[in-house]
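K.L.:
Residues -23 to -1, 1 to 110, numbered by mature numbering (1 follows the signal peptide of the UniProt record, and there is no 0), are exactly what the sequence shown covers, in order.
C-beta atoms are modelled at their ideal positions from N, C-alpha and C, and glycine is treated no differently.
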Amino acid sequence: MKKLFGTLLATTALTVAAFNVNAQAPTADIPADMNALMSKYTCIACHRPNQRLVGPAYVDVAKKNYSNEKIVDLIYNPVPTNWPGYPPMAAMKQVPKEDAMKLAVWINSLDDTGKKTSTKKSTTTKKTTTKKS
Ligand code: HEC
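#1: Run through DSSP, which three-state label would PRO26 get?
#2: Apart from the five residues on each side of it in sequence, which residues of its chain come closer than 8 Å, Cβ to Cβ, to residue 113?
#3: Classify ASP89 as helix, strand or coil using the three-state DSSP reduction.
#4: Find the nearest neighbour of THR19 within the set ALA77, ASN59, ASP6, judged by alpha-carbon distance.
#5: Going by the C-beta, is TYR53 closer than 7 Å to any heavy atom of ligand 1?
#6: Can you name, in chain order, every residue of its own chain whose Cβ lies under 7 Å from the Cβ of ALA81, other than the five neighbours on each side?
#7: With a threshold of 7 Å (Cβ to nearest heavy atom), would LEU87 be considered close to ligand 1?
#8: Please tell me whether PRO33 and ILE7 are closer than 8 Å, where the distance is taken between their beta carbons.
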């Protein structure tokens, strides 16, 4: 009996531990390249994909249906009135446009939740004529 109880306890502890790992590693759902950019430009200090931190969760930003260009613009020129209840974000003008755009594309891609259908539509269908040399 004692042994069974011990096993049960251990299982429970393991399960709890697994949950804790998830809770403590909220960066797990950030792709490595985005994680690198978010760390480099400190976005990570205030943003997570699925969780409100200092700033809004990126999924919630994605739900606003901004264009990628608009998000880039908002990174450079935040509009705090878009987010009542949050402190104003500092303008992040040090982020090169190219990286800002990568982040914007990723942020927008997070709003796939409802419609899991491919949004890839021909963005990468560049004609493959590379074989001709
Ligand atoms: C010091 C904290 C902080 C940092 C660092 C930070 N943000 Fe924010 N961000 C916020 C807050 C707070 C808001 C909501 C208020 C606002 O928009 O001013 C926000 C809003 C946003 C929005 C939504 C804009 C809108 O008007 O809807 C985007 C997109 C965004 N941040 C992207 C980024 C990116 C990309 C970086 C890194 C280059 C970054 N943020 C760095 C705190 C931060």
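P.N.:
Let's see:
#1: coil
#2: In the structure as shown, the chain starts at -23 and stops at 110, and residue 113 therefore has no counterpart that could be examined.
#3: coil
#4: ALA77
#5: no
#6: ASN45, ILE48, VAL49
#7: no
#8: No, they are not a contact pair.
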